Amino acid sequence: MKPAFLFAGLAAALALAGCTSQKPLYYWGSYEQNVYDMYIVPDKATAEKQVEDLEADFERARSAGRPVPPGFQAHLGHLYFQLGKLDLARRAFESEKAAFPESAVLMDRFIKKLEG
Amino acid sequence: MHKPIVLLGGAAALVLLAGCATQKKDYTAFLNHQPKSVLVLPPLNQSLDVKATYGVLSTVTRPLAEMGYYVFPVAVIDLLMKENGLPTAYEMHQVPLNKIDEIIHPDAILYMSVEEYGTKYSILDSSTIVRLGARLVDVESGDLLWTGHVDVRVSGSQNSGGGIIGMLVSSAVNQVVASSTDKAHGIAGQANAQLLTTPNRGLLYGPYHPKFGLDGK
Chain A
36 MKPAFLFAGL
46 AAALALAGCT
56 SQKPLYYWGS
66 YEQNVYDMYI
76 VPDKATAEKQ
86 VEDLEADFER
96 ARSAGRPVPP
106 GFQAHLGHLY
116 FQLGKLDLAR
126 RAFESEKAAF
136 PESAVLMDRF
146 IKKLEG
Chain B
17 MHKPIVLLGG
27 AAALVLLAGC
37 ATQKKDYTAF
47 LNHQPKSVLV
57 LPPLNQSLDV
67 KATYGVLSTV
77 TRPLAEMGYY
87 VFPVAVIDLL
97 MKENGLPTAY
107 EMHQVPLNKI
117 DEIIHPDAIL
127 YMSVEEYGTK
137 YSILDSSTIV
147 RLGARLVDVE
157 SGDLLWTGHV
167 DVRVSGSQNS
177 GGGIIGMLVS
187 SAVNQVVASS
197 TDKAHGIAGQ
207 ANAQLLTTPN
217 RGLLYGPYHP
227 KFGLDGK
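Top line first, the protein sequences correspond to chains A and B. So for the first sequence, the working numbering puts the first residue at 36; every next one is plus one. So for the second sequence, the working numbering puts the first residue at 17; every next one is plus one.
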């Protein structure tokens with residue numbers, strides 16, 4: 036009788052576990068807020084200000100041992116490109132590609148553009 | 017005589033399960049193509065608010081990436097398209113799949129439209145609405161992998177207090193504030209998450225998620 040009771044409880048627990056969210060895969064920081072600000076309040080999202088935010092996020096992610104999300108390094112690389120920091124841009128595009136090989140075609144295109 | 021208890025536990029499990037899964041969706045095409053990377057184009061705006069396209073675009077990466085997909089950098093893609101003579105979301109949505117494949121090479125494209133976006137006011141209350149439609153298309157074959165729709169409405173009266181005068185005052189204040197802020201932006205994140213991550217209605221887990229391959233069968 037008891038095992039049956041236990042089983043029903045276990046089933047309920049399992050069903051609950053299916054709903055509960057788990058720890059996020061990435062350290063998000065201000066990436067999405069910066070994207071929003073770029074379009075809606077551009078004064079708050081100059082390339083310089085965004086670089087400052089994203090570099091700080093990157094450090095925080097690193098000290099927490101968590102990965103930055105897909106697109107983060109590519110976005111940062113593009114900002115470096117806009118500011119004429121071509122070496123940093125290249126390094127960021129390479130990092131995006133290394134972390135996410137799905138981005139290779141686009142990142143190679145950007146790197147080629149840097150070489151002019 | 018323990019039967020009722022067991023039955024109750026079983027019923028509880030069923031109710032909990034039902035909370036997750038309301039209807040069965042057909043994931044056959046999705047499983048056949050199993051995309052790894054998703055390109056999100058700026059959503060078409062059918063609402064009256066000019067902020068809708070980017071309010072939604074700026075909150076879509078997180079739920080999609082947390083489902084286990086590679087998501088191309090949404091703003092960089094938007095700029096790339098604009099630099100190449102495609103000034104609006106409408107024009108970006110017309111680009112042939114083979115062209116996008118050649119330049120960006122995503123496995124799938126998420127085409128979205130914002131059907132409603134913004135806050136509606138009445139004398140005593142306000143309600144913020146974000147309504148979205150979306151389709152996920154396989155780039156190589158052109159097959160439709162998934163469609164989704166979501167309608168999120170949040171009432172502003174949930175955080176007002178101070179009786180009828182307080183409500184009148186806060187309603188007036190809300191109206192003034194609303195012209196310069198974008199409440200729907202916060203709701204857009206919620207709408208995107210609900211659209212993409214609801215089990216048995218949203219996307220299946222992608223390759224970067226620990227539960228990849230366990231759902232949708």
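Here a beta-carbon is modelled for each residue, glycine too, at the ideal position from N, C-alpha and C. Computed from a prediction, not measured in an experiment: that's the story for all the values here.
- The beta-carbon of B:Lys52 is placed less than 9 Å from the nearest beta-carbon of chain A.
- Nearest neighbour of B:Leu57 by Cα position, chosen from B:Gly218, B:Val90, B:Thr44, B:Leu161, turns out to be B:Val90.
- Between B:Val130 and B:Val76 a beta carbon distance of about 11 Å is seen, past the 8 Å cut, so the two are scored as non-contacting.
- Your pair B:Pro79 and B:Leu212 checks out as a contact, with CB atoms roughly 5 Å apart and the cut at 8 Å.
- Taken in chain order, the whole beta strand (DSSP E) runs of length 3 or more contained in the stretch 53 to 102 of chain B are 53 to 56.
- Excluding sequence positions up to five before and after B:Gln206, its CB lies within less than 6 Å of the CB of Val168, all in the same chain and listed in chain order.
- As the crow flies, the alpha-carbon of A:Ala124 is around 44 Å from that of B:Ser171.
- Within 8 Å of the CB of B:Phe88, the CB atoms of chain A belong to Pro105, Gly106, Ala109, Ser138, Leu141, in sequence order along the chain.
- For B:Gly149, the closest alpha carbon among the candidates B:Gln62, B:Leu230, B:Leu47 is that of B:Gln62.
- Within the stretch 124 to 149 of chain B, no residue has its Cβ closer than 9 Å to any Cβ of chain A.
- Per DSSP, A:Tyr71 is one residue of the alpha helix (DSSP H) stretching across 66 to 75.
- Only residues of its own chain outside the window of five on either side were considered, and among them Ala82 have a CB closer than 7 Å to the CB of A:Gln117, listed in chain order.
- Looking at the DSSP output, B:Ser129 shares a beta bridge with B:Leu60, B:Gly149.
- Counting along the chain, the unbroken beta strand (DSSP E) around B:Gly164 starts and ends at 160 to 171.
- Taking a Cβ-Cβ cut-off of 7 Å, the neighbours of B:Ala91 in chain A comprise Val70, Met73, His110, given in sequence order.
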